[in-house]
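Input: a single structure, listed below in structure tokens.
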Amino acid sequence: MATPPSAAEIVARFEIRHGRFLDAKGRALCPLPDFARDPRELVALYRAMVLARSFDAKAIALQRTGRLGTYSSALGQEAVAVGIAGAMRAEDVLLPSFREHGAQLLRGVSLYELFLFWGGDERGSDFKGPREDFPICVPVGTHAPHAAGVALAFKLRHQARVAVCVIGDGATSKGDVAEAFNVAGVWRLPVVYVVNNNGWAISVPRDRQTAAETLAQKAIAAGFEGEQVDGNDVIAVREAMSRALEKARAGGGPSLIEAITYRLGDHTTADDASRYRTDSEVSARWAEDPIARLRSHLLAEGAWSKEEEERLLADSAAAIEEALERYLATPPQGPETMFDFTYEALPKDLLEQRAAALSAPGESRGPPATER
Ligand SMILES: Cc1ncc(C[n+]2csc(CCOP(=O)(O)OP(=O)(O)O)c2C)c(N)n1
Ligand SMILES: [Mg+2]
């Protein structure tokens, strides 16, 4: 717009920071935060990223051989999930989207539960570990208002806990996400929204998703802080998360962290990304690989060795194999269970359908139909 002819003055300004500590080769660009000076902390993050990647590879192979449902890989995005969970406390609550198994594993969700979930078995969301963490949210962004609700409950109960909600770049275009940001800002809720910006929403690239210069600035519109981090630098993600969590815990309200990363794989196993992006774009992005970056850093610091790497890969594979065997040996639930957990008392037509499901030939039998 042209400058207005009135006595206009500037009433608001904002800036968005982009934080990073390691360059793509793993070299420190500035002094590292305290936690990152302890090699044991960094090795723990590294292990978690490697386990997440190993799980991804196995899950894709299982889907291809008909033993798992549609699966969304987090290849190249491991630092986002691991940096998030690495900063959270056990009593905080994670509301993940569908690429955060790296965070879920660190929080105590088991490999077995992840296999169950992706195999279509809802018992995979009944976590034995983090009981109050939310299940994987496949509907895009619908958990953003839920996170505000969780945070409101913490606030009303005067609990020093934080809700952490992870959404994709595409999700930030949705109305429910804008509404969630709005109430989080107005009520100064203890919630951290992380935008896992992997550059794509299926086949829609970031620059066609929104005309906003950054996604972090969407927080400014809702009255709270937003910043960007290099989402392939686990130290940067972990550090920004720690600050945001601390602020929320101390009553300082919400934050938004936009983690810039890249989806190196297909959107899901139901997608073929070669139809809408070039191989050369993808191969150039491998130079940003978060795992290679931290490995280079650890090797240069003398905090990691080839032998430890081999042992880690073998241990991850063994843990995954064990969970897989247990998953494959778990009988599926009977079809009647799909009627059992929605209504307190089943309406008549659903009672009939439940009975029909139970009497269908070859179906497993569940408990007798009761009016619930
Ligand atoms: C409410 C809703 N609309 C559409 C879809 C289909 N869908 C699945 S993932 C996706 C794109 C999401 O993009 P983004 O938020 O960037 O997350 P990413 O998949 O890149 O992690 C869409 C449109 C859905 N799952 N839920
Ligand atoms: Mg995306």
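Numbering-wise (my numbering), the sequence shown opens with residue 8 and increments by one. Even glycine gets a Cβ: it sits at the ideal position worked out from N, Cα and C.
Check                                                                                                                        : Outcome
Simplified DSSP state of residue 272, which is helix, strand or coil                                                         : coil
Straight-line gap, residue 5 to residue 166 (C-alpha atoms, nearest Å)                                                       : What is shown of the chain runs 8 to 379, which leaves residue 5 out entirely.
Residue 270: CB within 7 Å of a non-hydrogen atom of ligand 4                                                                : Annotation note on ligand 4: not contained in the displayed structure, which lists ligand 1 and ligand 2 as its ligands.
Buried or exposed (CB count within 10 angstroms, at least 16 for buried), residue 18                                         : exposed
Sequence-distant residues of the same chain with beta carbon closer than 6 Å to residue 137, five excluded per side          : 114 and 115
Start-to-end residues for the beta strand (DSSP E) that takes in residue 234                                                 : 232–237
Euclidean distance between Cα positions of residue 129 and residue 123                                                       : 7 Å
The alpha helix (DSSP H) enclosing residue 315, as first and last residue numbers                                            : 313–335
Extent of the continuous alpha helix (DSSP H) to which residue 190 belongs                                                   : 182–193
Anticipated Cβ contact below 8 Å, residue 141 with residue 197, distance rounded                                             : Not a contact, Cβ separation roughly 16 Å.
Outcome for residue 270 when other beta-carbon atoms lying within 10 angstroms are tallied against a minimum of 16           : buried
Residue-level contact to chain C via CB, residue 55, 8 Å cutoff                                                              : Reference to chain C is not applicable here, since this structure consists of a single protein chain.
Whole-angstrom distance between residue 131 and residue 370, CA atom to CA atom                                              : Bear in mind that the predicted position of residue 370 carries a pLDDT of just 47, short of 50, making it too unreliable to give a figure here.
Nearest-angstrom Cβ-Cβ length linking residue 57 and residue 298, presumed shorter than 8 Å                                  : 6 Å
Touch test, the stretch 216–224 against the stretch 9–25, Cβ-Cβ under 8 Å, three pairs minimum                               : yes
Continuous alpha helix (DSSP H) stretch holding residue 61: start and end                                                    : 46–71
Buried versus exposed, by CB contacts within 10 Å (16 or more), residue 301                                                  : buried
Beta-bridge pairing of residue 350 - partner residues as DSSP gives them                                                     : Residue 350 is not bridged to any residue.
Those residues, in chain order, that have a beta-carbon closer than 6 Å to some heavy atom of ligand 2                       : 175, 176, 177, 205, 207 and 208
Nearest candidate by alpha-carbon position, reference residue 107, set 134, 96 and 79                                        : 79
Alpha-carbon spacing of residue 213 relative to residue 135, whole angstroms                                                 : 37 Å
Which residues DSSP lists as bridging residue 172, in chain order                                                            : 102 and 200
Simplified DSSP state of residue 212, which is helix, strand or coil                                                         : strand
Residue 377 in three-state terms, based on DSSP                                                                              : The pLDDT assigned to residue 377 is 41, lower than 50, so where the model puts this residue is not dependable, and the model offers no usable value.
Assigned exposure category for residue 261 - 16 Cβ within 10 Å defines buried                                                : buried
Residue 203 Cβ short of 7 Å to ligand 1 heavy atom set                                                                       : yes
Segment contact flag, the stretch 203–217 with the stretch 55–74, C-beta cutoff 8 Å, min 3 pairs                             : no
Start-to-end residues for the beta strand (DSSP E) that takes in residue 262                                                 : 262–267
Neighbourhood of residue 330 by C-beta distance below 7 Å, restricted to the same chain and skipping five residues each side : 117, 118, 119 and 122
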